Every structure is written in C-alpha cells, then in structure tokens.
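Undergrad:
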Amino acid sequence: MNIATQPIVKGFKLIKAIFFYMSNPKDPQPDTNWTQYPHITAMAVSSLPFSSPTLSTRLNLPLKPSCSSCSWPTIIASSKNSSLDQKTSGNCKRRSLLIGVGASSLLPTKLLLAQEKPANYDEFVDLQDGYSYYYPSDWREFDFRGHDSAFKDRYLQLQNVRLSFIPTDKTDIQDMGPIEKVVANLVKHVYSTPTQVPDVFDMQERTTDGKRYYTFEYTLTSPNFSRAAFATIAVGNGRYYTLIVGANERRWRRVRNQLKVVADSFKVFDI
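Quick look at the structure:
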C-alpha cells in the first residue's frame, strides 16, 4: 500500500468503526484505538443525526435525550412573531416551540442554572416575551381570551393558570405603589365584578434575580359561585405581567399548596 494513502485508509476504517460502535455499543471493534485520531473521531461524531424538531406548544414537551446518561437541560423557546399590540388584542396566541440542543444559546444563563423543577410539574418558558412558570404536569394548554398563555386541569376547567401582560413605563412593581395599596386596588376594582365580594387573605413580596414580585391570595364570592386564587405580578421589559392561578373555592383547601407552587415559580427575565 502506498505510504501516502495509509492515513486516509486508516481514517475510513476508523469512521467505519465508530459508526459500527454507535449501532452496536455492546460489540465494539477492539483493535481500533480511536484516541490516536481525534480529528477523524470529531468528524465522524459531528455527522451523527442529532436533530432539533419544531413542535406545537400544544404538546409543550421537553426534549428527551436518547441516552439515559445524558443530562441536557430542558429547552423551550418561542418562535412566534407577534407584536405587543397583537398580544393585547384579546386572543391567546398559539406559538410553535423550538426544542433542541441548539436553542440553549437563546436561554439566559440563570435559567440554565436554575433549580430543578418539583416533581409532577412541567415548566413553560416563553423566550420571546420573557417569562416562565411551572404548572401541574397533567394540565393542558387552552385558549383564554386576553391572555398570552394558559393551562387548565384536564377535568376541572375552573382550576387553571393564565398569564397576561400590558405595556407600562414602570421599571419595577414597586413603582406601582406599596403592596397593600396595589393589591387592594386590583382585587376590589379590577378582578371583581359589582356582584362579587372580594377578600384578600395574604400578601407576600419577594425578589428573585434582581426582580421584585408581589404575590397575594384572594377570593371572589358571588351569590352562586366563589373562586379562590393566587396572583403574582411583576414589571419588566416595559411590561406589566400578571399570573393568576386558582380554583373553585370548594376545592381550595385540597389544591391550595399545589397552586402556590405555580404562583411562586413565576419569573420574568430580560429580553
């Protein structure tokens, strides 16, 4: 064999051995020392068929690595092209999700380093509009008029979470006023109707990653129906965000702790 062609022949043999091993990991070819040819190994591995599928948000599925030893982060990125005016036009917009390894560069570093989500919850991340939150894994996405995203219990439609935002010139939720004043005004004059009796039970203020949040618990009671809920509000990206998660008051004691996780998980990040 010509001496000049020996490296090329060895290279093709090595590539063949690598692909053989990928297809038959329990039966590798023992006579090939792959570490001697890092440039050829890299070329072979780079040609493996990794893909980044585009899915509907209706699925809202995280990427599952093909091997059990992989520990890639869940990546969910919005690819919708809607303006802020379209957001407030009155319809919950469907968005497609770009899920894959390549999308990790779109996520802020702090999101990638965030703590693992609790068991029995999934995470919804909207990269275009700059927010994320957890929701129970058995809930399903649905359209909620005037909201950007929403999920509900598959059997109990009134048990749900929804997220909306409107433009604002404020830079911090505290610019709206102290928590007591802001919450009282929202529950009495914005969330309730003339036939409902509003009550506020708890208010909490927290700061996460430099952003301030107001979270409060309240009920709206009418002659025939009562609803209890948590609301978390925040300001960022020139927007005033509102997340509300609630249920029928008769079920509130059973689901309160579960829904509090959702309210506390809401985060706004810079876009």
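Using the numbering used here, the letters of the sequence shown correspond one by one to residues 7 to 277.
The C-beta atom is built at its ideal place from N, Cα and C for all residues, glycine as well.
These numbers were taken from a predicted model, which means no experiment stands behind them.
(1) Just checking, does the stretch 229–245 make contact with the stretch 145–161 on the three C-beta pairs under 8 Å criterion?
(2) Hey, how far is the Cα of Leu-135 from the Cα of Tyr-224?
(3) Helix or strand or just coil, what does DSSP make of Arg-146?
(4) With DSSP collapsed to three states, give me the class of Pro-59.
(5) Could you tell me which residues DSSP pairs with Asp-159 in its beta bridges?
(6) Could you say if the stretch 176–196 and the stretch 157–167 meet the contact criterion of at least three C-beta pairs nearer than 8 Å?
(7) So which of Leu-226, Gln-202, Val-274 has the shortest CA-CA distance to Tyr-219?
(8) To the nearest angstrom, report how far apart Ile-172 and Tyr-127 are at their CA atoms.
(9) Whole angstroms are fine: how far does the CA of Thr-248 sit from the CA of Ser-143?
(10) Taking 7 Å as the cut-off, decide whether the C-beta atoms of Arg-146 and Arg-168 are in contact.
(11) Here's the rule I'm using: 16 or more other beta-carbon atoms within 10 Å means buried, otherwise exposed. How should Thr-221 be labelled?
(12) Tell me the residue span of the beta strand (DSSP E) that contains Val-268.
(13) How long is the line joining the alpha carbons of Val-261 and Lys-158, rounded to whole angstroms?
TA: So, from the listed chains and residues:
(1) no
(2) Position check: residue 135 holds Asp in this sequence, whereas Leu was assumed. Straight-line Cα distance between these residues: approximately 27 Å.
(3) strand
(4) Only weak support exists for where Pro-59 lies, its pLDDT of 37 falling under 50; the value from the coordinates is given anyway. Here Pro-59 sits in coil by DSSP.
(5) Trp-145
(6) no
(7) Val-274
(8) 27 Å
(9) 21 Å
(10) no
(11) buried
(12) Element bounds for Val-268: not the beta strand (DSSP E) but the alpha helix (DSSP H), 258–271.
(13) 13 Å
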